[in-house]
Structure formats: C-alpha cells, structure tokens
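S.K.: Protein sequence lines, in the order shown, are assigned to chains D and E.
Position in the first sequence counted from 1, then plus 41, gives you our numbering.
Position in the second sequence counted from 1, then plus 41, gives you our numbering.
Every residue gets a Cβ at the ideal spot worked out from N, C-alpha and C, and that includes glycine.
Protein chains: 2
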Amino acid sequence: MSFKSDIEIARDAKKRPIQEIGEKLGIASQHLLPYGHDKAKVSQEFINEVQARPDGKLILVTAINPTPAGEGKTTTTVGLGDGLNAIGKKAAICIREASLGPCFGMKGGAAGGGYAQVVPMEEMNLHFTGDFHAITSAHNLLSAMIDNHIYWGNELQIDERRVAWRRVMDMNDRALRDIVVSLGGVTNGFPRQTGFDITVASEVMAILCLARDLDNLQKRLGNIIVAYTRERKAIYCRDIGADGAMTVLLKDAMQPNLVQTLENNPAFVHGGPFANIAHGCNSVIATTTALKLADYVVTEAGFGADLGAEKFFDIKCRKAGLAPDCVVLVATIRAMKMNGGVAKADLGEENVDAIKAGCPNLGRHIQNLKGFGVPVVVAINHFVTDTEAEVQAVKDYVAEMGSEAILCTHWADGSAGTRDLATRVAEIADSGQAQFAPLYPDEMGLFEKIETIATRIYHADEVLADKKIRDQLRAWEAEGFGNLPICMAKTQYSFSTDPNLRGAPTGHSVPIREVRLSAGAGFVVVICGEIMTMPGLPRHPAALDIGLNDLGQIEGLF
Amino acid sequence: MSFKSDIEIARDAKKRPIQEIGEKLGIASQHLLPYGHDKAKVSQEFINEVQARPDGKLILVTAINPTPAGEGKTTTTVGLGDGLNAIGKKAAICIREASLGPCFGMKGGAAGGGYAQVVPMEEMNLHFTGDFHAITSAHNLLSAMIDNHIYWGNELQIDERRVAWRRVMDMNDRALRDIVVSLGGVTNGFPRQTGFDITVASEVMAILCLARDLDNLQKRLGNIIVAYTRERKAIYCRDIGADGAMTVLLKDAMQPNLVQTLENNPAFVHGGPFANIAHGCNSVIATTTALKLADYVVTEAGFGADLGAEKFFDIKCRKAGLAPDCVVLVATIRAMKMNGGVAKADLGEENVDAIKAGCPNLGRHIQNLKGFGVPVVVAINHFVTDTEAEVQAVKDYVAEMGSEAILCTHWADGSAGTRDLATRVAEIADSGQAQFAPLYPDEMGLFEKIETIATRIYHADEVLADKKIRDQLRAWEAEGFGNLPICMAKTQYSFSTDPNLRGAPTGHSVPIREVRLSAGAGFVVVICGEIMTMPGLPRHPAALDIGLNDLGQIEGLF
Numbered sequence: 042m043s044f045k046s047d048i049e050i051a052r053d054a055k056k057r058p059i060q061e062i063g064e065k066l067g068i069a070s071q072h073l074l075p076y077g078h079d080k081a082k083v084s085q086e087f088i089n090e091v092q093a094r095p096d097g098k099l100i101l102v103t104a105i106n107p108t109p110a111g112e113g114k115t116t117t118t119v120g121l122g123d124g125l126n127a128i129g130k131k132a133a134i135c136i137r138e139a140s141l142g143p144c145f146g147m148k149g150g151a152a153g154g155g156y157a158q159v160v161p162m163e164e165m166n167l168h169f170t171g172d173f174h175a176i177t178s179a180h181n182l183l184s185a186m187i188d189n190h191i192y193w194g195n196e197l198q199i200d201e202r203r204v205a206w207r208r209v210m211d212m213n214d215r216a217l218r219d220i221v222v223s224l225g226g227v228t229n230g231f232p233r234q235t236g237f238d239i240t241v242a243s244e245v246m247a248i249l250c251l252a253r254d255l256d257n258l259q260k261r262l263g264n265i266i267v268a269y270t271r272e273r274k275a276i277y278c279r280d281i282g283a284d285g286a287m288t289v290l291l292k293d294a295m296q297p298n299l300v301q302t303l304e305n306n307p308a309f310v311h312g313g314p315f316a317n318i319a320h321g322c323n324s325v326i327a328t329t330t331a332l333k334l335a336d337y338v339v340t341e342a343g344f345g346a347d348l349g350a351e352k353f354f355d356i357k358c359r360k361a362g363l364a365p366d367c368v369v370l371v372a373t374i375r376a377m378k379m380n381g382g383v384a385k386a387d388l389g390e391e392n393v394d395a396i397k398a399g400c401p402n403l404g405r406h407i408q409n410l411k412g413f414g415v416p417v418v419v420a421i422n423h424f425v426t427d428t429e430a431e432v433q434a435v436k437d438y439v440a441e442m443g444s445e446a447i448l449c450t451h452w453a454d455g456s457a458g459t460r461d462l463a464t465r466v467a468e469i470a471d472s473g474q475a476q477f478a479p480l481y482p483d484e485m486g487l488f489e490k491i492e493t494i495a496t497r498i499y500h501a502d503e504v505l506a507d508k509k510i511r512d513q514l515r516a517w518e519a520e521g522f523g524n525l526p527i528c529m530a531k532t533q534y535s536f537s538t539d540p541n542l543r544g545a546p547t548g549h550s551v552p553i554r555e556v557r558l559s560a561g562a563g564f565v566v567v568i569c570g571e572i573m574t575m576p577g578l579p580r581h582p583a584a585l586d587i588g589l590n591d592l593g594q595i596e597g598l599f
Numbered sequence: 042m043s044f045k046s047d048i049e050i051a052r053d054a055k056k057r058p059i060q061e062i063g064e065k066l067g068i069a070s071q072h073l074l075p076y077g078h079d080k081a082k083v084s085q086e087f088i089n090e091v092q093a094r095p096d097g098k099l100i101l102v103t104a105i106n107p108t109p110a111g112e113g114k115t116t117t118t119v120g121l122g123d124g125l126n127a128i129g130k131k132a133a134i135c136i137r138e139a140s141l142g143p144c145f146g147m148k149g150g151a152a153g154g155g156y157a158q159v160v161p162m163e164e165m166n167l168h169f170t171g172d173f174h175a176i177t178s179a180h181n182l183l184s185a186m187i188d189n190h191i192y193w194g195n196e197l198q199i200d201e202r203r204v205a206w207r208r209v210m211d212m213n214d215r216a217l218r219d220i221v222v223s224l225g226g227v228t229n230g231f232p233r234q235t236g237f238d239i240t241v242a243s244e245v246m247a248i249l250c251l252a253r254d255l256d257n258l259q260k261r262l263g264n265i266i267v268a269y270t271r272e273r274k275a276i277y278c279r280d281i282g283a284d285g286a287m288t289v290l291l292k293d294a295m296q297p298n299l300v301q302t303l304e305n306n307p308a309f310v311h312g313g314p315f316a317n318i319a320h321g322c323n324s325v326i327a328t329t330t331a332l333k334l335a336d337y338v339v340t341e342a343g344f345g346a347d348l349g350a351e352k353f354f355d356i357k358c359r360k361a362g363l364a365p366d367c368v369v370l371v372a373t374i375r376a377m378k379m380n381g382g383v384a385k386a387d388l389g390e391e392n393v394d395a396i397k398a399g400c401p402n403l404g405r406h407i408q409n410l411k412g413f414g415v416p417v418v419v420a421i422n423h424f425v426t427d428t429e430a431e432v433q434a435v436k437d438y439v440a441e442m443g444s445e446a447i448l449c450t451h452w453a454d455g456s457a458g459t460r461d462l463a464t465r466v467a468e469i470a471d472s473g474q475a476q477f478a479p480l481y482p483d484e485m486g487l488f489e490k491i492e493t494i495a496t497r498i499y500h501a502d503e504v505l506a507d508k509k510i511r512d513q514l515r516a517w518e519a520e521g522f523g524n525l526p527i528c529m530a531k532t533q534y535s536f537s538t539d540p541n542l543r544g545a546p547t548g549h550s551v552p553i554r555e556v557r558l559s560a561g562a563g564f565v566v567v568i569c570g571e572i573m574t575m576p577g578l579p580r581h582p583a584a585l586d587i588g589l590n591d592l593g594q595i596e597g598l599f
C-alpha cells in the first residue's frame, strides 16, 4: 500500500458546491456570500435572524503537550466532525484560519491531514476570503493615523517613545522586527523606533475573534491602548478616531467562512489569533453561529490543553457565555513514547514501558480538564506503527484516571475511523453531565489569577514576579482592568516554563518576564519566556519550491 | 430639484446577480468565480477557451489636462458603455481598480459618478476581490526573501546599499517612506536604509497589468531587478527564486473582475498601476478578454491624454498587440474656462471668451491623438451651469480642428445622455478608418524615444539630461534593454513639466531628473520632477469620518 500525500488527497476531493453545504445547515443561498464555488461567508443578516434558536452541544478538541512527533489535533477535530455526521448527527466543525506568511517559510498546511481534511486546502493556506488582509489593513490604518496625528501637531500629546502600537504584515520578515521610521526630514515626520509583527499577533485579530457583533467589534477596537503621554496617561484608538474606519475595513471579515470537509460536511474556518500572546481559538461569532445551526459543534484550541483549553475556557467561553459539553483530549502513541524518553528516530519500535513512563503528561491534562467540570474522552490518533500492546497500555492508564480512551483511524479511514469516538462523545454531550465553570472568578485579583493558573493548571509551586510587574498589575486594577482574564504566554512544550521539562513536572516556578494589557481584546497577557511575534524565513524557505506546475496546480505549498 | 449624492444613487442601484451580467457576455456560471452576489472573477479556463474568437472594437476614453474642476473621464467611460448598450450594441467597459489606502486620506471613489457609475461602489473602494492585497503579499514576499538571502550568507553578493526593491503597503503612511530595517542585533539581519511605497506603485502591479497569462506573468516577475552587486551586476527576482511563489500568490488576482454599471451592463475592473512611474491602464488580460466577449469595449487611461493616452498606445497597445478604433476625448466647459484663466470660484458664470482662450489645450490633444492614426471624438461632459453659448463655442472650435464635439448628459441621465455619442463612436469604430501606429518604433534609441515624446506630444523644444543619465540609458541599451518603450513620469496638469503652465505651451524644455529600469514590467521610467510613491494622510483624514451608520451602511467613504 502506498500513501497519498495530503495535497494529493485534497486534489482528489469530490467537493460539493458551497450552497449545498450551506443547505445542510439551513442557510439559504442568498445568505451565503460565495468566494468562488467552494467557499462562502455567512451573512450578518442571517446570523442576526437565528439568534433566538437554542444552542447545539459544544465539544472541544485539545491535546497533550505537543512533541515533534505530532498529535493531529485539527485532523481529529475534522475526523470527529465527519464521524458525528456519519452516525447521523447534524454536526459542524469550527477551526482557525491559516496564516499566509509562515507557508513560505517551513510550515505545512493547517487544514487537517490524510482523509480528515478541510478543503479547498490551497486557498485556505493562501488568501482564503481575505480576512487576514482586512485585519492587516485595519491594524496599519491605525498605525498610519497615530503617526499622522503626531505629524500634524500631536494634540493628544503622545510621547513618541511610548507608542505601543506597531505595524503588522502577514509575512515572515525578520528585517521588519525592529526598525526606525519617519526618516528623511520634515515632510516624513518624527523619527522613532518601532517594528512589525506578523498579522496573527495583532490585537485586531484577537478582537475580531472575541467580538459578538459589529457594534461590539467597534467598541473593542476603540478600547485598544495605542500609546501613552509623558504622564503615562493611556491614549486609546478611539482618541485617534480610527475605530469607525477600522470597523468598515473589517465588516466583511466579521462574517464567518463556510467550507467543507473531504466528506462534504460543514466546516467554519474563521479567525486565527496567536496562541501565546492571544487566546488561540477560532472566532466567537463562528462558534456561536455554528451552535445555532448544528446539533453538535466540534472546535479546537491552540497548543496543548494547559494553554489552549485553559484559554478556551477562561477567555473565550467566559466572554462568550459558552458552556462546553465534552472535551476530547488527543494523544498519540508516538507522543507518549517521546514523553517517556524515546528519541524521535526510535519511535517506530514497540516500547510499552516508555508509554507507561510518558502517560503522566496525559494524566495531568485529564485531571486539569475535569477541574473545569467538563467530561473528558481521550482520542488516540492512530499511526501505522502503533502496536496493540501500546494502545492497550494507554487505554489502561486512562481507565485508571477515571476516563476512557478510544482508538481513532480517521487519518487513514475518514469518518469510518471515528465512529466509536463520535458515538461516545454524542452520548456524553447529550447526557448533560457537564457542569462547566471557569477556573477563577472575574473579581479575583490579577496576580491571584496568575497564581491560580500556575498552581492548579501548571502545578507549579510559585509565581516569580518583580516589584515592577506587581505594581503594574495593581495599577491596572486601579484603572478598572482588574476584572479581565489572564492570557498566559509560555512554552507550549511543557507544563512548566522550561520547554525541555516533559511529562508532569512539579516543584517548579513560573517567572513572569513582562505583562501587557490588551484592553481591546479584553485580557492581560502574562509573558513567561521569549515570545517571537515576527518569525523569520529559514535558510531554504519553502517559497523557493513553491510554484505552478504544467497543469496550473500549486506545488510545494505543503 | 435636489441632487442625490453618488453614494445614495449607488445604494439605490437595482443590481442583478453577477451570473446574469456574465450571461450577457456568454460566460457560463461555472466560469464565473463569484465574490458575493455582485462581483466575480472570470476563470482562466474560460479565457483560454475564447482566445480564437475575433476581437471587438476598442474605444479609448481620455481627457484634456486635468483641472481642479474635474473632467469625468471614468464617468464618461461608464456613460458611453451604457449608451452603446442602450442603442442595441453589445458593449463592455474596462476600468482600473481603486486603491484602498487613499480612500482614508481624501480621495473620493473611483467608480464614476451620478447616473454613470459602476457598482458595488463600497467594495470596489475597499478590499474588492483582494487583488491589491495579493500584489502586496507577492511584492513583500520578494522583499523578505532578499533580506533573508543576505541574512543567510549572501551567496549572490548583493551590495546591501544597492537593494532597489522596497516594500509596499496599500495605505497612505508617510512614516514608512524612509526607514531603517534589521535593527536589533545579529538575529535580525544587517541594518540598511529602505522604505515602503504604496501598492499601486509596485512593479508587480505594472507586471500584472501587462502580463498576457500566468506563464508570461512568472517570466516578467523573474525579470525584476531587485539589487546590484558591488560590481553593479544586476540581481534579478529569479536569482532570489521568488518568481514561482509570487506567481502562486497572484494566480487568482490574474483573473479579471466582472461587475456591473447602474444600468446592469458588464464592467471589467482589473488592475490599477500608477499613472506616473507606471502606465496607468487596467490589465491587458481584462481588455483582451473583453474584446473576445463584446463587440465594443470602452476603456480609459490615467491622467490627461499627453500621459495616459500616450502610454496606452505606446506601452499597453504596443505590448498587447491592441489596435484602438476610436478615441473619445473628454472635456468640460468648466475645465475649458479654467484653462482660459477663470478662477474656480467664478466657474458658474457664463464666459465664452475664456472658453475660446482655453480651447488650445483641447486642440493640441486632438492633434496629438490623430497623430497615432486613430479618429477622435470630443465628449463634452455636461455640468448644470453650462450655457448653450459656451457649449457651442467648444463645438465650433473642435469642428475647426477637423473633429467633432458631442454634448453628453450621462451624469444626470445615464445612457439617455450618451446616445448621440454612442451612435457616432460606433459608426467610427465600424468604419475601419483607424490606422493605429505607435509613436516610435522599438528599435529607436532610448534617448531618441524620450525626445520623440517630448517634441511630438509635449511640443517641447528640447530634453535636458546630464551625462550620468545619458550614460545610464546607453548602458541599458548595451545590456539589451534598448528595445523597451518609455514610461514618462511628469506632472499631469500641463503639457510641460511645470504644473502651472496651462493651455498649449511651446518653447519649453523637459528636464530629466532620474531614469529607472522596470525590467519586469518592460519599460524605462523617465522621471521629470518630484514623484511621490507613498502619500501621506491630511490633517483631517477621511478615516475620521468613515464608519457604519445605524443601518450598517458605510458612511464617509466618498
């Protein structure tokens, strides 16, 4: 048996016109704004019309701490969505959009894999429906208006050294990380140091993904802190007067995108905020819309459950009033082995002991997730080299933890590989046993919130922060920002802040390097370690191999 | 009688589904890639299929030198297209796309006016179908790959001081005109001075608008000169290896956009290169496709006829093998009066003498255009304050010049206001009397080509250029670029290089400040005077007044 590549499978997809996919969810064609024949936006009018309907069941797919072996979180999200449809349920999936820039570096596609993919794959990894371009434009309009305000007299008395708002581009371009602008004399303004981040790191992206509607979007945009005066008074986007025009630029981008899986089931693909300095989930408007249209909505969150699921619960669900009914925790035999100390080159050999040694990482995630009051099912994303004994070892471990693990073969088999998982997930979701509650209340102090996450999710002993950081948090509380949730930015590879500390570490500390206020998005970012917000290209960027072949097909993108 | 604003008229438009507009041109719905319900791209497959068909008649709309009074070139293009359809002809129009950035400064819309508009107006002035965003991405990918090449060892030995390729953004942002990049130490690269231009100034834009197909696009992209070595050896885009990935990013953007006029007639809106450092016409692929689908194609060129029509003939028609059948030269009574010395405040008063004094500007354009072997009709774009005596004065003058002037009221009346013009234009186009030839042959030397344009079109006495510029032109000839056409960048307000010299000046000189080689687009840019390639925002940018109203409609954009 020879395997087809993801792109070969995607090219062979028997796509249905997007209107047919919309029909499955009861969206009439006049409410679908098509982009080509296989992509569409759902109209704001239609979204307004369905608001009174009851919500379907919400299922979160999350994962253990990622290893170089890969877990297949998006693949499992797609596979579970197809599995639910295959057993006769009306289900939709909600995932994030891919960023264009990294595709020219070395990142692969972000639309699942094997026979659990969302299509059209190429467009989703390129311009798609233009949402990220709209975010780039809106972000940079604000940037231009800030420098323009300073240029024409600086009525707001912005301290040019304290302009917090940078520019963005959806491109891996290290040369733009740190720049000096406004050189060239009087007509070009006042020189100052600034830089570009990649578009997915824009607060506008986080805002678009958390806004309930266009009014709420504009209000949040207006709340962005763009600069400070010499007296440290915050200057907001609304002071610059950019919030109205930014909303106009984002009007279409706020409408969720509908595409399809390889099995022609509906998939919402909308928004894609960074999972470190932002919350790493698809848009609230896509999720809430999907819940009005489908009986089961399967969604995912960035990175492992310690970061992704925690932010999904404490930021997205809290702010959007969502209550998940079931969590699927994705694990692979290979990742368990890596957690158990096996090198990547040796992953093909059976090693039950290593799996047993690696299971505590999985166990701690199960324990953490249950702490949010949501039932957990473990999905073992099957790989060809997995042995029965290895799979059984994981199943036994999970059973000991009071949960259950189900083997899934969606990568090779599509929905046929997730029928058991889908059946069990639907049972759990229908049972009403979930009693979701976020980790901490809004009223808790900011530092206490950080400590709660660090001790209860990361199982750390303490949070380390110098006086300057504690003072900053107290100052924000005094200014009325104390009720905001925390957005942790730490390594995705460990429960701790040390990426090499696998498994389920204890006794560690969480040092805070920096805190940032995303007043528009509505969270306080707590940075533990180095966070790169503008990637670079590698020595041999993927772009060198990307091109059209003689058939006009795209080669080298994945 | 009270007048509706352009945007009110556009909002009241009875738009037909874009598939119906496509049907008028024989485009089946599977070959229309919709963007919403009122915009679509015409598929590359369909374009390939119709190549063997005969061409329709090509009509160029151009204008006298612009004055602050406005001429209404796009409005007349739209009005004539509707007029041709109204008298039973199968006609389509081809115009440029609008740039997003300037809309937030002070520019109005670029989709016609009154009852001669193209819709959807808002989308056309915002993201439209994403073409400009794709051009921005392709341009900046090349920029990132150049700096990345230097970062990883600079195998091509690029002289960092001689990187010619800047970055682009579709935004009026003066702070980005002149910047230093790659600050921040070893991991961010080698600091150097560079800057951003606005996207419409990108050579990628000019290339997209001149490329015949995707193969030709990639070849032209590969030919872009991005930098030089210390030994002044040119480094091309293809040396960097970006041409394939850039073509992938531009694949969809290469397909022309179809929209409709207020009277539901087909309008291709595609591409929008600068009219100074580039050729200022919509894409070749839109024009050649329209010619296969309609019996009459009405198109326009940027600025006045001395710049726009000359470049249309000598660059676009020459390179695409187009032969125009008729030229419509747009003039207004108000612009004639301004050319005759009347101040803007006094334009409302009848002044036949001023018109007679201003007519020589019109006369010279007629004379110039006839020199290309194409018959000329003058369209007088009527304004409410025009008197019969004033209109008659222009008609008499034009008759003396051996041409004819026709009064048009399309702004107020739509196609009913251009029936006479349409009838006459169709007669001329059908008569086959045009004998188009470009101004100069490919083989002529570069400096001689510049002199030919300056003396025969601008009616200057001489071209002034220092030795460095003449040497540069000779060096390019030696490198094989001598066969390229010239792209003049001078003021649009005068035949001369002095914007205040109205009318039909003689005895003036044309000083050349700089020459640039656009090897990918395929022309030599000759710069006479200051050319701004990154605009700034005014003190009170339009963005301050742009927003959504309570009905969710866009306010303040125009």
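Compute the Euclidean distance between the alpha carbons of D/Ile50 and D/Gly153, then round it to the nearest angstrom.
M.R.: 11 Å
S.K.: Is the shortest distance between the beta-carbon of E/Leu182 and the beta-carbons of chain D less than 8 Å?
M.R.: yes
S.K.: Skipping 5 residues on each side, what residues in its chain have a beta carbon closer than 7 Å to that of E/Met42?
M.R.: Confidence at E/Met42 is low in this model, with a pLDDT of 44, below 50, so the placement of that residue is unreliable and no value is reported for it.
S.K.: Just grab the DSSP bridge partners of E/Val418 for me.
M.R.: E/Val369 and E/Glu445
S.K.: Does DSSP put E/Tyr76 in a helix, in a strand, or in coil?
M.R.: Here E/Tyr76 sits in strand by DSSP.
S.K.: Are the beta-carbon atoms of E/Asp347 and E/Ile498 separated by less than 8 Å?
M.R.: yes
S.K.: DSSP three-state label for E/Leu592, please.
M.R.: coil
S.K.: Can you tell me where the alpha helix (DSSP H) with E/Ile498 in it begins and where it stops?
M.R.: That residue, E/Ile498, is in no alpha helix (DSSP H); it is neither H nor E in DSSP.
S.K.: If the criterion is Cβ atoms closer than 8 Å, does the pair D/Gly414 and D/Gln513 meet it?
M.R.: no
S.K.: For D/Leu255 versus E/Gly593, is the C-beta distance shorter than 8 Å?
M.R.: yes
S.K.: Below 8 Å, how does it come out for the segment 62-69 of chain D and the segment 157-167 of chain D: are there three or more Cβ pairs, yes or no?
M.R.: No, because fewer than three Cβ pairs between the segment 62-69 of chain D and the segment 157-167 of chain D fall closer than 8 Å, the two stretches do not touch.
S.K.: Anything in the segment 206-222 of chain D with a Cβ closer than 9 Å to a Cβ of chain E? List those residues in chain order, please.
M.R.: Answer set for the segment 206-222 of chain D: Arg208, Met210, Asp211, Met212, Asn213, Asp214, Arg215, Ala216, Leu217, Arg218, Asp219, Ile220, Val221 and Val222.
S.K.: Is DSSP giving E/Pro143 helix, strand or coil here?
M.R.: Here E/Pro143 sits in helix by DSSP.
S.K.: Between D/Arg57 and chain E, is the shortest Cβ-Cβ distance under 8 Å, so that the two count as touching?
M.R.: No, no contact with chain E.
S.K.: Note down, in chain order, all residues in the segment 284-304 of chain E with a beta-carbon under 9 Å from any beta-carbon belonging to chain D.
M.R.: Asp284, Gly285, Ala286, Met287, Thr288, Val289, Leu290, Lys292, Asp293 and Ala294
S.K.: Just tell me which of E/Ala562, E/Arg375, E/Phe173 and E/Ala205 has its CA closest to the CA of E/Thr270.
M.R.: Selected option, being the one with the closest Cα: E/Ala205.
S.K.: In whole angstroms, what is the alpha-carbon distance linking D/Phe353 and D/Leu403?
M.R.: 18 Å
S.K.: Give every residue of the same chain whose Cβ lies closer than 8 Å to the Cβ of D/Gln474, excluding the five residues on either side of it in the sequence, and list them in chain order.
M.R.: Pro416
S.K.: How about the segment 303-321 of chain D and the segment 245-252 of chain D: do they share at least three Cβ pairs that are nearer than 8 Å?
M.R.: yes
S.K.: Under three-state DSSP, which class holds D/Glu571?
M.R.: coil
S.K.: So which residues on chain B does E/Ile239 lean against when the C-beta distance must stay under 8 Å?
M.R.: Given the protein chain composition of this structure (D and E), no chain B is represented.
S.K.: For the beta strand (DSSP E) containing D/Met529, name the first residue and the last one.
M.R.: Ile527 to Ala530
S.K.: With H, G and I counted as helix, E and B as strand and the rest as coil, what does DSSP make of E/Met42?
M.R.: Reliability of the predicted coordinates at E/Met42 is poor, the pLDDT of 44 falling under 50, and the value obtained from them is presented with this limitation in mind. Looking at E/Met42 - three-state DSSP - the assignment turns out to be coil, as it is neither helix nor strand.
S.K.: Is the beta carbon of E/Ile494 sitting closer than 8 Å to the one on E/Ile527?
M.R.: Between E/Ile494 and E/Ile527, the gap from beta carbon to beta carbon is short of 8 Å.
S.K.: If you measure beta-carbon to beta-carbon, which residues of the segment 476-508 of chain E are closer than 9 Å to chain D?
M.R.: Here the close residues number zero.
S.K.: For D/Ile265 and D/Glu341, what's the separation of their Cα atoms in angstroms?
M.R.: 27 Å
S.K.: Identify the contact partners of E/Gly155 in chain D, using a Cβ-Cβ distance below 9 Å as the criterion.
M.R.: Scanning chain D for C-beta atoms nearer than 9 Å to the C-beta of E/Gly155 yields nothing, as the closest lies near 24 Å away.
S.K.: DSSP state of D/Glu244, grouped into three classes?
M.R.: helix
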